[in-house]
Ligand SMILES: Nc1ncnc2c1ncn2[C@@H]1O[C@H](COP(=O)(O)OP(=O)(O)OP(=O)(O)O)[C@@H](O)[C@H]1O
Ligand SMILES: [Mg+2]
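In our numbering, the protein residues as written are 459 to 844.
Written out as structure tokens, the structure reads:
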């Protein structure tokens with residue numbers, strides 16, 4: 459007999475964070491018959507549009523977090539930058555929050571992540587703690603290096619690639635870690651689910667092209683075009699990471715494949731991940747439903763992929779700020795097989811994630827070129843008031 463009680467519909471699920479991830483979790487929660495309450499600072503947030511109820515409040519507003527948690531049978535989150543202490547205090551009172559506040563606190567700190575993976579013997583870039591970033595510390599560690607803020611980074615903010623002494627002045631002035639710059643062949647990712655009973659289910663390994671200007675995922679291919687042995691090793695490594703973390707939920711594990719053939723852990727997100735959006739259409743159980751199954755103590759679903767898939771993000775066009783309009787959407791929707799998600803964010807900003815496109819095709823190359831062609835028809839602009 460399991461030592462936990464499954465949470466069943468129509469229980470209320472709380473989601474801290476009302477962005478696109480929260481929205482897709484909410485959509486799948488509704489599919490399963492749950493009630494959904496979202497906490498987000500902006501009224502009518504993407505997830506709030508799906509939820510039964512939205513509480514308007516900041517992710518660090520303890521009173522609003524308490525209000526959400528107390529009104530729900532189970533609470534989760536779609537972003538990392540929330541008050542982890544507040545979550546732990548509420549758990550101590552007996553409220554179910556998954557993944558736990560303790561796990562979240564560890565993941566929030568990139569140095570603590572590295573230390574955990576080191577203890578578990580998992581391969582990762584060489585690293586060092588760096589309390590006072592600058593030319594001296596960099597020199598001692600050796601170039602080329604990557605400086606990472608321990609906390610608060612996302613979408614590449616908080617990451618500085620320092621190739622040599624001439625760039626040492628672009629140091630970020632925050633407690634950091636330094637990492638050896640990996641000569642990357644491919645950026646890979648894999649979503650792994652861990653149930654309350656410890657059951658594990660992993661999704662197919664995917665490869666990501668990162669837009670260097672926006673520092674965001676540009677194009678994703680699933681499955682990754684790597685040797686089966688590499689995919690197998692990547693899966694074992696990602697499972698090792700999730701086992702080291704413990705806890706229930708889905709975890710987006712980012713990996714590097716180096717030019718010399720090494721597989722290294724980059725970092726983990728304790729939630730559904732951008733690299734798993736394709737699962738919404740391409741696998742039997744999406745990462746969003748899987749997250750709910752995992753945290754609610756329900757059996758994990760099949761991660762089988764029906765067909766190869768390509769996914770591209772729809773980003774706000776450079777120079778455009780204000781109420782969003784999707785120019786070219788009608789043409790894009792006319793392409794046979796186009797799957798388009800529009801997140802429902804009121805305002806666009808340059809490179810803001812506003813939606814995504816998924817294409818399934820038995821031929822991954824065709825999926826890729828079609829997804830790009832669809833993306834290129836759409837321009838996310840601001841409505842001009844003229
Ligand atoms: N050790 C490294 N060597 C080479 N490149 C790296 C290294 N660490 C990070 N990068 C590059 O910087 C990008 C962002 O790093 P990381 O994922 O740690 O930051 P982040 O801001 O938390 O990312 P995101 O929120 O986009 O996932 C990586 O996707 C990779 O392209
Ligand atoms: Mg990352």
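Here a beta-carbon is modelled for each residue, glycine too, at the ideal position from N, C-alpha and C.
These numbers come from a predicted model, not from an experiment.
Item: Span of the beta strand (DSSP E) around residue 606; Value: 603-607
Item: Span separating the alpha-carbon of residue 731 from that of residue 709; Value: 7 Å
Item: Backbone CA spacing between residue 796 and residue 787 [nearest angstrom]; Value: 11 Å
Item: Cut-off 7 Å between Cβ atoms - residues of its own chain near residue 743, not counting five sequence neighbours on either side; Value: 759, 760 and 761
Item: Near ligand 2: residue 725 beta-carbon under 7 Å from a heavy atom; Value: yes
Item: Coil, strand or helix - residue 764 by DSSP; Value: coil
Item: Length of the line joining the Cα atoms of residue 658 and residue 777; Value: 44 Å
Item: 8 Å contact criterion, which residue 631 and residue 591 should meet: CB distance rounded; Value: 7 Å
Item: Within 8 Å, strictly: CB atoms of residue 693 and residue 668; Value: no
Item: Sequence-distant residues of its chain with Cβ nearer than 6 Å to residue 651 (five each side left out); Value: 659, 708, 748, 752 and 758
Item: Same chain, Cβ closer than 6 Å to residue 770, neighbours up to 5 away in sequence not counted; Value: 677, 815, 829 and 833
Item: Exposure of residue 558, with buried meaning 16 or more beta-carbon neighbours within 10 Å; Value: buried
Item: Start and end residues, alpha helix (DSSP H) containing residue 749; Value: 745-754
Item: Assigned exposure category for residue 690 - 16 Cβ within 10 Å defines buried; Value: exposed
Item: beta-carbon residue 712 near ligand 1 non-hydrogen atom, thresh 7 Å; Value: yes
Item: DSSP bridge partner residues for residue 723 (one or two, in chain order); Value: 713
Item: Start-end ranges of the alpha helix (DSSP H) lying completely within the stretch 480-528, minimum 4 residues; Value: 520-528
Item: Alpha-carbon to alpha-carbon, residue 697 and residue 755; Value: 19 Å
Item: Coarse secondary structure for residue 832, derived from DSSP in three states; Value: helix
Item: Spatial distance of residue 736 from residue 597 (CA atoms); Value: 42 Å
Item: Sub-8 Å separation of residue 465 and residue 473 beta-carbons; Value: no
Item: For residue 637 and residue 720, the rounded distance between their alpha carbons; Value: 16 Å
Item: For residue 718, three-class secondary structure by DSSP; Value: coil
Item: Three-pair Cβ contact test at 8 Å for the stretch 543-560 versus the stretch 480-494; Value: no
Item: 4 or more residues per run - each alpha helix (DSSP H) lying fully within the stretch 637-697; Value: none
Item: Rounded separation between residue 601 and residue 629 - CA only; Value: 13 Å
Item: Nearest residue (CA-CA) to residue 608, options 661, 826, 546 and 539; Value: 539
Item: Distance cut-off 7 Å: residue 729 Cβ against heavy atoms of ligand 1; Value: no
Item: At least 3 beta-carbon pairs within less than 8 Å: the stretch 508-518 vs the stretch 539-550; Value: yes
Item: Proximal residues to residue 673 (C-beta, below 7 Å), its chain only, five neighbours per side dropped; Value: 613 and 614
Item: C-beta contact flag for residue 715 and residue 643 at 8 Å; Value: yes
Item: Distance, residue 701 Cα to residue 683 Cα; Value: 26 Å
Item: Terminal residues of the alpha helix (DSSP H) in which residue 787 lies; Value: 787-791
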